[in-house]
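Protein chains in written order, with full-length UniProt numbering: chain A, 1 to 298; chain B, 1 to 298; chain C, 1 to 298; chain D, 1 to 298.
Note that CB positions come from ideal geometry on N, CA and C, so glycine has one too.
What you are looking at is a predicted structure, and each value in this text was computed from that prediction instead of being measured.
Contents: one structure, followed by commentary.
Number of protein chains: 4
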Amino acid sequence: MLTGIHVVLAGGDARQLEVIRRLTELDAAVTIVGFDRLETSFPGVVRAEWSPDVLRVADALVLPPVGTDDEGVISAVFTEREMKLTDAELSALPETSKIYCGMAKPYLRRLAEKHRLGIVELFERDDVAIYNSIPTAEGAIMLAIQNTDITIHGSNCMVLGLGRTGLTLARTLQGLGAKVKAGVRREESFARAYEMGFEPFYVSDLARHTGNLDLIFNTIPNMIVTAQVIAGLPLRAVIIDLASKPGGTDFRFAEKRGIKAMLAPSLPGIVAPKTAGRVIANGLIQMLLEDRQRGNAT
Amino acid sequence: MLTGIHVVLAGGDARQLEVIRRLTELDAAVTIVGFDRLETSFPGVVRAEWSPDVLRVADALVLPPVGTDDEGVISAVFTEREMKLTDAELSALPETSKIYCGMAKPYLRRLAEKHRLGIVELFERDDVAIYNSIPTAEGAIMLAIQNTDITIHGSNCMVLGLGRTGLTLARTLQGLGAKVKAGVRREESFARAYEMGFEPFYVSDLARHTGNLDLIFNTIPNMIVTAQVIAGLPLRAVIIDLASKPGGTDFRFAEKRGIKAMLAPSLPGIVAPKTAGRVIANGLIQMLLEDRQRGNAT
Amino acid sequence: MLTGIHVVLAGGDARQLEVIRRLTELDAAVTIVGFDRLETSFPGVVRAEWSPDVLRVADALVLPPVGTDDEGVISAVFTEREMKLTDAELSALPETSKIYCGMAKPYLRRLAEKHRLGIVELFERDDVAIYNSIPTAEGAIMLAIQNTDITIHGSNCMVLGLGRTGLTLARTLQGLGAKVKAGVRREESFARAYEMGFEPFYVSDLARHTGNLDLIFNTIPNMIVTAQVIAGLPLRAVIIDLASKPGGTDFRFAEKRGIKAMLAPSLPGIVAPKTAGRVIANGLIQMLLEDRQRGNAT
Amino acid sequence: MLTGIHVVLAGGDARQLEVIRRLTELDAAVTIVGFDRLETSFPGVVRAEWSPDVLRVADALVLPPVGTDDEGVISAVFTEREMKLTDAELSALPETSKIYCGMAKPYLRRLAEKHRLGIVELFERDDVAIYNSIPTAEGAIMLAIQNTDITIHGSNCMVLGLGRTGLTLARTLQGLGAKVKAGVRREESFARAYEMGFEPFYVSDLARHTGNLDLIFNTIPNMIVTAQVIAGLPLRAVIIDLASKPGGTDFRFAEKRGIKAMLAPSLPGIVAPKTAGRVIANGLIQMLLEDRQRGNAT
Ligand SMILES: NC(=O)c1ccc[n+]([C@@H]2O[C@H](COP(=O)([O-])OP(=O)(O)OC[C@H]3O[C@@H](n4cnc5c(N)ncnc54)[C@H](OP(=O)(O)O)[C@@H]3O)[C@@H](O)[C@H]2O)c1
Ligand SMILES: NC(=O)c1ccc[n+]([C@@H]2O[C@H](COP(=O)([O-])OP(=O)(O)OC[C@H]3O[C@@H](n4cnc5c(N)ncnc54)[C@H](OP(=O)(O)O)[C@@H]3O)[C@@H](O)[C@H]2O)c1
Ligand SMILES: NC(=O)c1ccc[n+]([C@@H]2O[C@H](COP(=O)([O-])OP(=O)(O)OC[C@H]3O[C@@H](n4cnc5c(N)ncnc54)[C@H](OP(=O)(O)O)[C@@H]3O)[C@@H](O)[C@H]2O)c1
Ligand SMILES: NC(=O)c1ccc[n+]([C@@H]2O[C@H](COP(=O)([O-])OP(=O)(O)OC[C@H]3O[C@@H](n4cnc5c(N)ncnc54)[C@H](OP(=O)(O)O)[C@@H]3O)[C@@H](O)[C@H]2O)c1
Chain A
1 MLTGIHVVLA GGDARQLEVI RRLTELDAAV TIVGFDRLET SFPGVVRAEW SPDVLRVADA
61 LVLPPVGTDD EGVISAVFTE REMKLTDAEL SALPETSKIY CGMAKPYLRR LAEKHRLGIV
121 ELFERDDVAI YNSIPTAEGA IMLAIQNTDI TIHGSNCMVL GLGRTGLTLA RTLQGLGAKV
181 KAGVRREESF ARAYEMGFEP FYVSDLARHT GNLDLIFNTI PNMIVTAQVI AGLPLRAVII
241 DLASKPGGTD FRFAEKRGIK AMLAPSLPGI VAPKTAGRVI ANGLIQMLLE DRQRGNAT
Chain B
1 MLTGIHVVLA GGDARQLEVI RRLTELDAAV TIVGFDRLET SFPGVVRAEW SPDVLRVADA
61 LVLPPVGTDD EGVISAVFTE REMKLTDAEL SALPETSKIY CGMAKPYLRR LAEKHRLGIV
121 ELFERDDVAI YNSIPTAEGA IMLAIQNTDI TIHGSNCMVL GLGRTGLTLA RTLQGLGAKV
181 KAGVRREESF ARAYEMGFEP FYVSDLARHT GNLDLIFNTI PNMIVTAQVI AGLPLRAVII
241 DLASKPGGTD FRFAEKRGIK AMLAPSLPGI VAPKTAGRVI ANGLIQMLLE DRQRGNAT
Chain C
1 MLTGIHVVLA GGDARQLEVI RRLTELDAAV TIVGFDRLET SFPGVVRAEW SPDVLRVADA
61 LVLPPVGTDD EGVISAVFTE REMKLTDAEL SALPETSKIY CGMAKPYLRR LAEKHRLGIV
121 ELFERDDVAI YNSIPTAEGA IMLAIQNTDI TIHGSNCMVL GLGRTGLTLA RTLQGLGAKV
181 KAGVRREESF ARAYEMGFEP FYVSDLARHT GNLDLIFNTI PNMIVTAQVI AGLPLRAVII
241 DLASKPGGTD FRFAEKRGIK AMLAPSLPGI VAPKTAGRVI ANGLIQMLLE DRQRGNAT
Chain D
1 MLTGIHVVLA GGDARQLEVI RRLTELDAAV TIVGFDRLET SFPGVVRAEW SPDVLRVADA
61 LVLPPVGTDD EGVISAVFTE REMKLTDAEL SALPETSKIY CGMAKPYLRR LAEKHRLGIV
121 ELFERDDVAI YNSIPTAEGA IMLAIQNTDI TIHGSNCMVL GLGRTGLTLA RTLQGLGAKV
181 KAGVRREESF ARAYEMGFEP FYVSDLARHT GNLDLIFNTI PNMIVTAQVI AGLPLRAVII
241 DLASKPGGTD FRFAEKRGIK AMLAPSLPGI VAPKTAGRVI ANGLIQMLLE DRQRGNAT
């Protein structure tokens, strides 16, 4: 249980509703900010306006998965008021409290460092990233269905990167009957891909494997689908880039060659906000419980 | 080869482009009607206006998959002119020629009968229906992703009917990590479902299996998802009805209870027109070749 | 329940223990013959010696899955005494009673016909054959592992016939990571094989598909793996023939060419007698219940 | 190519034949010892007797996968003469040469250390261990089929440890239609198991998950299937322990309780010597090539 833990949850989208629900179930004291347009009633939850004051007794400040943008703005779909995270707010937070988000941009990172406040990035956790890979893969599948005139079944697909997201996506495509090439860099990943029935290759040889592709999915957060790679693709190929902004594709060149390419961020929140919210809630709660235990231990 | 065979192809959507391409590849003499807004050039193909005259030497009249509507109108997305199939046209067709479509409605059936012309319904063929089930299943998957806030992975799905479409759909859902209940009526289907890892039940017991469902997919062309069944569903459940119009769902009651339900016809043409076109083209060509051989034999 | 139904169960192997257990559970009156060497005690079951008398009040005579051999001998692993089914025994059976077995050989068929007694062949039922295909496939897998020096994963396998057994076997091999070619004769089977991710071909083209095989599994009960086919196989290939005796392989030629080939009958009873027994028991009970209902109805 | 590299290969079983074949293909100078009973001729390969002399110009000494036993004896199925690795032999090896095996026991490790010779343990490499996990899993499947009276399909299986071997085994069981519980210790493994459709649990809770098992497969090289765990198993359960000697099972207690339990070492060499030999050959060759490149670089 989280009895006695005070959580302030600021901004976010439908995913946060699941987080709120779960926190209250575990008896945390929850204050939410940035949900004025939301009708749902959460028994026991306090609604507040964004201000340093609301943070003064918080043990945890929960931001949306993306944290803040480069100017500190907290995205919040359930309000029209702007909420900004600045020195004022962080000064108000008790020094023992922590900031929770999915991934932190440089702005948030610097601000927290300045105020010597800990940041917990949930998507850094391997387990959270793996759970999150499931809605991500389904989002990618949806885009693939929408953006091709063929079926995924029987198509020639390529997944770049067999990390937490890539492995799930490759399995999902295989489950739909696609032939899946998997681009890796480690011998171990090559072996696992072979065992799992993908056709592995080293990304250093990428340009040699593009001749007959229908779909490329990228999860490597580096420029990897270069102009040279794109030049070797058939015109029908579609590129779906899942890597965090700015992705790993030369979008300018793809457009020039007339090849459909899209950056597809934030899929879990789009295609499965409830599942994605549960993933975040579970990760958050686990971190809070661990912190509390650690605190109790000392 | 189809050398010497004269095919008139009237109306249709993107799927027919694949049909046209394949017919010309096999050297059939092809006349297309209802494609005036289409830029693509098909070398060797004759474009014509809709009139009885165009049919006078046709060995085959190829209609869109849906045939005609109840007034004889031929759907045609690449023209704005209306094309109607009436006594005038069928009188012009040589008596040895045949009419090809996916499924024939009563209007078309009666008209052809009156003129003693054979109708070939491609979707009646088991192989064509099975190939077609692949884009259908992917369309259903797309709808499921779009219309739920959870992932298919880990969800509780039900597929009603394990026929040509249902089996493919059940396998596809399983490939995505769903738990799949399969509603059947024959003991043999029950056994196969068990062997394939679905959880089979008899549709006569349907009402007993609805308690914890996230998604119901229906392929049985009868009223099966009745008010009683819907009353037992959790409110979050979504019904996707694939059966041909009017489907097998009491949509009125679903709406009343606030349960999302949708009739989802013609998925192959929507999500994978090229694959769907190839399926039709392959089926059509096989029928034409068989007819020709039979003709030669006599 | 089977209260009041008198079943005489004669001979068989470990599979019949499951049948006995289930019949008594359902309150049938059970007499067993040919189990003198078996220690297990079955409360409520009567043990008897083989004689016409024991059959005089039987509603059902349950024989082992193979029925009798060509001389009428009932195989029975739990006794050393010979049991023979002859005119004497069948004359004793009431004319309303039926004989149950898996498959009936000509001897049994003729004898039953002569005495106008119904024979029920459980393995004729599609559902029973499908359930039975599961232990059959696992037996074939075991033989393949034992008889090759490579893994099934990554191997080139061929399954001839995609019927009740072949489909299960093809799926099982695929689940282990083999590449599976499936030989069919119907277009519908070809389409389903394609949908399921096998590489289908028509058995009429068999000779063209043997060049690179590691394993051939046959389920077609006709001479199909002929000398010509075997001549085209690589020497390392192994043939596992599941079809009922004499199988569909030219074993003499295979031996001459030095290619390992084996007829592999009765796998379910060998690798999974308990599962196989349950399959038989379920099928038998269902038939008895249906018969009783039909009886009651009249 | 391995031109100019001198390899001495001493002892081993059928797997080493593949290694010899591949080394000669790549033009290494190969001397084999302990193959006197083998008829196969390997063109260009030198056969020798075991003696220090044979090692004086070796760049690499290739031992069988298990290295030596605790007294230094090299296992060798193709000879009756004993070969022992002692100070005498290692003194003869050039100091730049290396010893290759699958896994090294303490005896070998100490001896090599004393002579300052490098040991390369191929099975330590993640990729080799993953490739090797495939024949291991098939061996485990074979044992499971042989040692139960039910099918794997539909059975309740447990895999302890989702490492390189466990993951492959769990996938293989799933591919055969088993319900698979996977025992892990890391949250990340828990998440991946969930994504892959296994039912994950923490091994710390093992005793709570044994109630309804048919089969337990252990890959954790620690005492884990303790008397307490075994006490909770149904009597029909079968334990197959794959962990290296002495395994992780209380075999004494299993026997006492009448539960079938078996230690199953060295499966790849038993069920798929050719595949297993290729895995070793590939790993070995890669290491030799890397070493040579490193050598050239300096
Ligand atoms: N679009 C969305 O909705 C969404 C959702 C979740 C995640 N993401 C994004 O997707 C990306 C992948 O996330 P993840 O959780 O899967 O991360 P991850 O587990 O770290 O996977 C990244 C993969 O890229 C490979 N890689 C990195 N640099 C490489 C290089 N230079 N050459 C070859 N391979 C390289 C890694 O290989 P190794 O395994 O060898 O390290 C790894 O397999 C991230 O950018 C993440 O932000 C997007
Ligand atoms: N939405 C789309 O895009 C799309 C695409 C393709 C097809 N369809 C439609 O989907 C439907 C199914 O097509 P299909 O090709 O799969 O046909 P199908 O192979 O005939 O399958 C129909 C299934 O429904 C079962 N069924 C029929 N009546 C039943 C009843 N009274 N009770 C229980 N089960 C019953 C059949 O059981 P048995 O196996 O026991 O006969 C069969 O398994 C059709 O209406 C078709 O027009 C829609
Ligand atoms: N070894 C064992 O332990 C074991 C266990 C169970 C069964 N069996 C035996 O295995 C065999 C198959 O049993 P099953 O239950 O799977 O029977 P099944 O469902 O009738 O399957 C037989 C398959 O063979 C195909 N076939 C038949 N004649 C053919 C021909 N001339 N050319 C091409 N294909 C042909 C059929 O094709 P269509 O689908 O087009 O008709 C069908 O797919 C039987 O002999 C049975 O006794 C053996
Ligand atoms: N029988 C055969 O033919 C055969 C063939 C190959 C290998 N093996 C043997 O099989 C065993 C596993 O090999 P492998 O290559 O799979 O090794 P591995 O990748 O290291 O896997 C071992 C697994 O055990 C887990 N583990 C270790 N200690 C644990 C503990 N105290 N509690 C819970 N989990 C624990 C590890 O968890 P983490 O992932 O959290 O570290 C890991 O997942 C070894 O003993 C190997 O020698 C046998």
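Query, Result
"Whole-number beta carbon distance between A/Glu-138 and B/Thr-151, since they are thought to touch under 8 Å", "5 Å"
"CA-to-CA distance, D/Thr-96 to A/Leu-263, given in whole angstroms", "52 Å"
"Meets three-Cβ-pair contact criterion under 8 Å: the segment 40 to 52 of chain C and the segment 282 to 290 of chain B", "no"
"D/Lys-179 - DSSP class collapsed to helix/strand/coil", "strand"
"A/Ile-220 CB to nearest heavy atom of ligand 1 below 7 Å", "yes"
"For A/Ile-216: DSSP bridge partner residues", "A/Met-158, A/Ile-239"
"Paired residues, beta bridge with A/Lys-84 - DSSP", "A/Val-73"
"Buried versus exposed, by CB contacts within 10 Å (16 or more), B/Gln-146", "exposed"
"Proximity of B/Glu-188 and C/Ile-220 at Cβ, strictly below 8 Å", "no"
"Residues of the UniProt domain \"KARI N-terminal Rossmann\" (152 to 225) of chain B whose Cβ lies closer than 7 Å to any Cβ of chain D, in chain order", "Gly-177, Gly-197"
"9 Å Cβ cut-off: residues of chain B touching C/Tyr-100", "Here the premise fails: no neighbours, minimum Cβ distance about 17 Å."
"Straight-line Cα distance separating D/Val-279 from C/Thr-68", "49 Å"
"Within-8 Å CB hit, A/Met-262 to chain B", "no"
"Amino acids of chain A, ordered along the chain, whose beta-carbon sits closer than 7 Å to that of B/Pro-273", "Asp-149"
"Start-end ranges of the beta strand (DSSP E) lying completely within the segment 105 to 172 of chain A, minimum 3 residues", "118 to 121, 156 to 160"
"Distance cut-off 7 Å: A/Gly-166 Cβ against heavy atoms of ligand 1", "yes"
"Burial state of D/Ser-204, where buried means 16 or more other Cβ atoms lie within 10 Å", "exposed"
"Length of the line joining the Cα atoms of D/Ala-10 and D/Arg-22", "16 Å"
"Alpha carbon of D/Met-223 to alpha carbon of A/Lys-181, nearest angstrom", "40 Å"
"Short CB-CB distance (under 8 Å) between B/Pro-135 and chain A", "yes"
"Exposed unless 16 or more other CB atoms sit within 10 angstroms - verdict on B/Arg-15", "buried"
"Reduced DSSP category for C/Leu-38 - H, G, I as helix; E, B as strand; rest coil", "coil"
"A/Val-33: first and last residue of the uninterrupted alpha helix (DSSP H) it sits in", "First-last for A/Val-33: 29 to 33, but that is the beta strand (DSSP E), not the alpha helix (DSSP H)."
"Contact residues within the segment 120 to 131 of chain D, judged by C-beta distance below 9 Å to chain A", "Arg-125, Asp-126, Asp-127, Val-128, Ala-129, Ile-130, Tyr-131"
"Residues near A/Ile-259 in its chain [Cβ-Cβ closer than 8 Å; skip 5 each side]", "Ile-230, Leu-233, Leu-235, Ala-237, Val-238, Ile-239"
"Three-state secondary structure assigned by DSSP to D/Glu-199", "strand"
"Burial state of A/Gln-174, where buried means 16 or more other Cβ atoms lie within 10 Å", "buried"
"A/Gly-161 CB to nearest heavy atom of ligand 1 below 7 Å", "yes"
"Proximity winner among A/Gly-12, A/Glu-195, A/Pro-273, A/Thr-136, relative to C/Phe-153 (alpha-carbon distances)", "In the sequence as displayed, the identity of residue 153 of chain C is His instead of Phe. Nearest option by C-alpha distance: A/Glu-195."
"Under the three-state DSSP convention, the category D/Lys-98 falls into", "strand"
"Cβ-based burial, B/Pro-43 [other Cβ within 10 Å; buried from 16]", "exposed"
"Span separating the alpha-carbon of C/Glu-149 from that of D/Thr-275", "Sequence inspection shows Asp at residue 149 of chain C; the Glu mentioned does not correspond to that position. Going by the C-alpha atoms only, they are around 7 Å apart."
"Closer than 7 Å: A/Leu-122 CB and nearest ligand 1 heavy atom", "no"
"Partner residues on chain A for residue 299 of chain B, Cβ-Cβ distance less than 8 Å", "Residue 299 of chain B cannot be examined here, being either before or after the span of chain B that is shown, 1 to 298."
"Three-state secondary structure assigned by DSSP to D/Met-1", "coil"
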